[in-house]
Amino acid sequence: MQHLPESLSHHRVSTDDLNSVIEGDVRYAPLKSLWFLGMAGAAVIGGVYFFTWSGLLLFFLVTGAVLLLGHSLGSHRKLIHNSYECPKWLEYFLVYMGVQVGLAGPLGLMRAHELRDYAQRLPTCHDYLRHGSSFWKDAWWQLNCELILKNPPNIAIEPRIAEDRFYRFLEATWMLQQIPPALLFYAMGGWSFVIFGTCARVTAGVLGHWLIGYFAHNDGGMHVEVRDAAVQGRNIRLTSILTMGECWHNNHHAYPGSARLGLFAGEWDPGWWTLLLFHRLGLAWSFRLPKDLPERAELHSVDRLAGAVLQPARYDLREARFVKPRLACYFRQLRELRNSAGRLRMEWPAGTLNLKPMRTLVGDRVELTVDPTLDLLVVHHDARSFVGLPAVCLAMAQRNLGTWIVALILMPMAVALESVRSAMSLRPVA
Ligand SMILES: [Zn+2]
Ligand SMILES: [Zn+2]
Numbered sequence: 010m011q012h013l014p015e016s017l018s019h020h021r022v023s024t025d026d027l028n029s030v031i032e033g034d035v036r037y038a039p040l041k042s043l044w045f046l047g048m049a050g051a052a053v054i055g056g057v058y059f060f061t062w063s064g065l066l067l068f069f070l071v072t073g074a075v076l077l078l079g080h081s082l083g084s085h086r087k088l089i090h091n092s093y094e095c096p097k098w099l100e101y102f103l104v105y106m107g108v109q110v111g112l113a114g115p116l117g118l119m120r121a122h123e124l125r126d127y128a129q130r131l132p133t134c135h136d137y138l139r140h141g142s143s144f145w146k147d148a149w150w151q152l153n154c155e156l157i158l159k160n161p162p163n164i165a166i167e168p169r170i171a172e173d174r175f176y177r178f179l180e181a182t183w184m185l186q187q188i189p190p191a192l193l194f195y196a197m198g199g200w201s202f203v204i205f206g207t208c209a210r211v212t213a214g215v216l217g218h219w220l221i222g223y224f225a226h227n228d229g230g231m232h233v234e235v236r237d238a239a240v241q242g243r244n245i246r247l248t249s250i251l252t253m254g255e256c257w258h259n260n261h262h263a264y265p266g267s268a269r270l271g272l273f274a275g276e277w278d279p280g281w282w283t284l285l286l287f288h289r290l291g292l293a294w295s296f297r298l299p300k301d302l303p304e305r306a307e308l309h310s311v312d313r314l315a316g317a318v319l320q321p322a323r324y325d326l327r328e329a330r331f332v333k334p335r336l337a338c339y340f341r342q343l344r345e346l347r348n349s350a351g352r353l354r355m356e357w358p359a360g361t362l363n364l365k366p367m368r369t370l371v372g373d374r375v376e377l378t379v380d381p382t383l384d385l386l387v388v389h390h391d392a393r394s395f396v397g398l399p400a401v402c403l404a405m406a407q408r409n410l411g412t413w414i415v416a417l418i419l420m421p422m423a424v425a426l427e428s429v430r431s432a433m434s435l436r437p438v439a
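Those letters in the sequence shown? Residues 10 to 439, by the numbering used here.
Below, the structure is given as structure tokens:
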């Protein structure tokens with residue numbers, strides 16, 4: 010048998026025959042297909058017939074809630090990867106929310122995830138398992154069919170999960186679990202709420218899960234390559250809020266056990282922010298981060314940023330020279346910039362903007378340095394240092410009167426966002 014990476018020896022999936030993830034047929038799965046098409050049909054037809062603005066608002070609220078709390082934090086980061094600790098009641102609540110996405114029961118979802126994860130790390134696997142077909146064929150396959158492997162590998166789920174009575178109950182009844190919220194929505198707002206709060210939510214969850222899965226294995230940026238793997242994970246920019254951070258799939262392929270998915274500057278990760286909030290409330294702890302995971306010889310950096318993830322933060326923001334995000338202090342700084350000719354110095358990791366667009370934004374008078382080891386943008390002026398969006402506003406303000414006025418207008422929002430970020434201290438916590 011071919012030499013396989015050491016990391017696969019601790020996987021829930023095991024096989025002696027590499028063909029076991031290659032040979033198989035994709036077959037129409039009537040129940041899966043009817044579930045999705047039924048929900049989608051009800052959402053489209055019912056959505057027109059029973060349209061209300063409050064129904065649409067409910068759709069956004071509950072879809073966001075089940076994707077964040079359920080799919081990302083419950084099913085994926087906790088149940089499947091066990092990347093953090095939390096009270097058992099919270100784990101049950103989050104996994105219950107995960108079932109509300111309408112993809113599968115907790116055990117079925119775990120089996121599907123693990124098989125895919127294992128197969129994708131082998132040198133080759135069936136196109137179904139790596140989203141390797143054309144867009145439309147993959148849509149048909151993933152939303153309406155199942156893969157029947159000739160000789161499927163063994164998937165061993167630990168008794169803590171496989172024998173848990175609550176998870177077994179959810180597994181047996183996952184489709185029926187849409188009924189309790191549907192009844193609640195009916196009582197609250199009639200058929201409009203049922204259609205938008207249940208049918209449209211399940212449709213968006215199932216369709217979105219496939220869409221992101223397709224692009225996350227076909228199209229997008231990479232920091233780290235997993236050598237000799239059947240497919241690479243891709244980071245899909247601009248979908249971080251929509252996916253609650255799950256879009257940083259290249260990071261996930263490199264560090265599957267990490268509780269944080271957006272690992273580099275500019276990679277927003279609402280799931281991780283929520284975990285930090287839970288941490289503040291004493292509801293989550295022992296986060297596993299890339300530095301806590303066993304080394305994998307098959308990982309290979311493909312961009313300058315990749316090496317930076319494991320390095321400690323360059324600056325300690327508790328240092329006195331770092332200015333706290335307070336609006337009055339930033340307005341004072343803006344006023345000073347109009348009067349003094351002191352030069353600003355900016356350092357940033359170039360996660361979102363690289364040198365040229367940054368030069369365009371702030372002009373020629375700011376000294377610019379790209380430093381991939383930073384996790385935040387920093388601007389130094391005299392003896393003071395500023396971070397984040399307010400720092401960008403300051404740098405922009407010194408350019409000319411026009412940009413100064415724009416910075417003045419944007420500053421309150423920038424300071425508000427920076428306050429939230431710093432209050433939650435978006436840095437790795439112990
Ligand atoms: Zn993947
Ligand atoms: Zn995963």
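Idealized CB from N, CA, C, for every residue including glycine.
For ligand 4, is there a heavy atom less than 8 Å away from the beta-carbon of residue 278? No copy of ligand 4 appears in this structure; the ligands present are ligand 1 and ligand 2.
Return the bridge partner residues of residue 214 from the DSSP annotation. Working through the sequence shown from its first residue, we reach residue 214 at position 205. Per DSSP, none; premise fails for residue 214.
For ligand 1, is there any heavy atom lying closer than 8 Å to the beta carbon of residue 262? For the purposes of this step, residue 262 is taken as the residue at position 253 of the sequence shown. The answer is yes for residue 262.
Cβ shell of residue 200 (< 6 Å), same chain only, five flanking positions each side left out: Numbered from 1 along the sequence shown, position 191 holds the residue referred to as residue 200. Only 59 meet the Cβ criterion.
Cβ neighbours of residue 235 in the same chain (closer than 6 Å, five flanking residues each side left out): Within the sequence shown, residue 235 is the residue found at index 226, counting from 1. For residue 235, the CB contacts under 6 Å within the same chain, skipping 5 residues up- and downstream, are 262 and 307 in chain order.
Shorter than 8 Å, the distance from the beta carbon of residue 265 to the closest heavy atom of ligand 2, or not? Reading the sequence shown from its first residue, position 256 is the one you call residue 265. For ligand 2, at least one heavy atom lies less than 8 Å from the Cβ of residue 265.
Only counting the same chain, and skipping five residues up and downstream in sequence, which positions put a Cβ closer than 6 Å to that of residue 48? Position 39 of the sequence shown, counted from the first residue, corresponds to residue 48. Same-chain partners within the cutoff: 208, 211 and 212.
Is there at least one non-hydrogen atom of ligand 2 closer than 8 Å to the beta-carbon of residue 85? Walking along the sequence shown from the start, residue 85 turns up at place 76. For ligand 2, at least one heavy atom lies less than 8 Å from the Cβ of residue 85.
For residue 25, the three-state DSSP class (helix, strand or coil): Against the sequence shown, residue 25 aligns to sequence position 16. Here residue 25 sits in coil by DSSP.
Measure the C-alpha to C-alpha separation of residue 173 and residue 166 and round it to an integer number of angstroms. Locating residue 173 in the sequence shown gives position 164, counting from the first residue. Locating residue 166 in the sequence shown gives position 157, counting from the first residue. Put simply, the backbone Cα of residue 173 is about 11 Å away from that of residue 166.
Going by the CB atoms, is the gap between residue 32 and residue 159 shorter than 9 Å? What you label residue 159 is simply residue 150 of the sequence shown in a count that begins at 1. What you label residue 32 is simply residue 23 of the sequence shown in a count that begins at 1. Yes; because the gap between Cβ atoms is below 9 Å, this pair is in contact.
Out of 215, 53, 358 and 82, which has the shortest C-alpha to C-alpha gap to residue 381? Residue 381 sits at position 372 when you count from the first residue of the sequence shown. With distances taken between CA atoms, residue 381 lies nearest to 358 out of 215, 53, 358 and 82.
Contact between the stretch 178–190 and the stretch 105–114 (3+ Cβ pairs under 8 Å): In this structure the stretch 178–190 touches the stretch 105–114; the number of beta carbon pairs closer than 8 Å is three or more.
Going by beta carbon distance, what residues of the same chain come within less than 6 Å of residue 309, once the five residues before and after it are set aside? Residue numbering aside, residue 309 sits at position 300 when the sequence shown is read from its first letter. Exclusion of the five residues before and after residue 309 leaves 234 and 236 as the residues of its chain whose Cβ lies within less than 6 Å of its Cβ.
Flag residue 136 as yes when its Cβ comes closer than 8 Å to any non-hydrogen atom of ligand 1, and as no otherwise. Here residue 136 is taken as the residue at index 127 of the sequence shown, counted from 1. Checking every heavy atom of ligand 1 against the Cβ of residue 136, none is found closer than 8 Å.
Rounded to whole angstroms, what's the CA-CA distance from residue 385 to residue 404? Just pull it up for me. Translated into positions along the sequence shown, residue 385 becomes position 376. Translated into positions along the sequence shown, residue 404 becomes position 395. Approximately 15 Å between the Cα atoms of the pair.
Could you tell me which of 19, 73, 26 and 154 sits nearest to residue 46, measuring between CA atoms? For this step, residue 46 is matched to residue 37 along the sequence shown. Between residue 46 and the set 19, 73, 26 and 154, the nearest pair of CA atoms involves 154.
Evaluate contact between the stretch 386–404 and the stretch 340–360, counting only Cβ atoms and requiring at least three cross-stretch pairs below 8 Å. Yes: at least three Cβ pairs fall under 8 Å.
Closer than 8 Å to a non-hydrogen atom of ligand 1 - does that hold for the CB of residue 242? In the sequence shown, counting from the first residue as 1, residue 242 sits at position 233. At least one heavy atom of ligand 1 is nearer than 8 Å to the Cβ of residue 242, so yes.
Residue 279 vs residue 242 beta-carbon contact at 9 Å: The sequence position of residue 279 within the sequence shown is 270, counting from 1. The sequence position of residue 242 within the sequence shown is 233, counting from 1. Their beta carbons are not under 9 Å apart, which means residue 279 does not touch residue 242 by this criterion.
Just to confirm, are residue 331 and residue 395 a CB contact at a threshold of 9 Å? Position 322 of the sequence shown holds residue 331. Position 386 of the sequence shown holds residue 395. The answer is yes: Cβ separation under 9 Å.
Taking only runs that begin and end inside the stretch 358–382, name each unbroken beta strand (DSSP E) of 3 or more residues, in chain order. Counting whole runs of 3 or more residues, the stretch 358–382 contains the beta strand (DSSP E) stretches 376–379.
Considering Cα atoms alone, identify which of 281, 292 and 312 is closest to residue 85. What you label residue 85 is simply residue 76 of the sequence shown in a count that begins at 1. Looking at the Cα atoms, 281 is the closest of the given residues.
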